[in-house]
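Residue numbers (the UniProt record's numbering): 1 to 143.
Structure follows, in structure tokens:
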């Protein structure tokens, strides 16, 4: 027996029978009120674009940024914070907070006879405060 036939004989994982009559609609996660210094990272976010955005905020006078990552995007948030710290050669500090967020999904019935249901699940989150440890500004010479 070769490997291809062995793979095709493995049973597929079925969803529970209760949920097979429903369509899962994921709702947006709860978020903090947006501020200028908040950076939300997703798996589709370009790290280079986020670095440029962060640099622009630091250049405009912001002394700290808050980077938010939810679920699998946490790793991209950590990567962004560490790359910023590397670019600024250690003049940025990091304060990392992790937590758990309760998410609610809608289960819509495929038939008119079914009832709408809610599915509650937990997802991990990361909030990274990136702040200047050395104030960088224009040099002023005394005359």
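Here a beta-carbon is modelled for each residue, glycine too, at the ideal position from N, C-alpha and C.
- Exposure of residue 69, with buried meaning 16 or more beta-carbon neighbours within 10 Å: Start at 1 with the first residue of the chain shown, and residue 69 comes out as number 69. By the 10 Å Cβ count, residue 69 comes out buried.
- Please state whether DSSP places residue 50 in a helix, a strand or coil. To locate residue 50, count along the chain shown from 1; it is residue 50. DSSP places residue 50 in helix when its eight states are reduced to three.
- Indicate whether residue 21 and residue 118 have their beta-carbon atoms separated by less than 9 angstroms. Here residue 21 refers to the residue found at position 21 when the chain shown is read from its first residue. Here residue 118 refers to the residue found at position 118 when the chain shown is read from its first residue. No, they are not a contact pair.
- Message: On the DSSP bridge list, what partners appear for residue 24?
- Response: Residue 24 sits at position 24 when you count from the first residue of the chain shown. Answer is 107, bridged to residue 24.
- Delimiting residues of the beta strand (DSSP E) encompassing residue 64: By 1-based counting over the chain shown, the position of residue 64 is 64. 64-70 is the span of the beta strand (DSSP E), which, as asked, contains residue 64.
- CB residue 41 to CB residue 93, shorter than 9 angstroms? The residue you call residue 41 lines up with position 41 of the chain shown. The residue you call residue 93 lines up with position 93 of the chain shown. For residue 41 and residue 93, no; Cβs fall outside 9 angstroms.
- Who pairs with residue 125 in a beta bridge, going by DSSP? On the chain shown, residue 125 is found 125 positions in, with the first residue counted as 1. Beta-bridge pairing links residue 125 to 70, 99.
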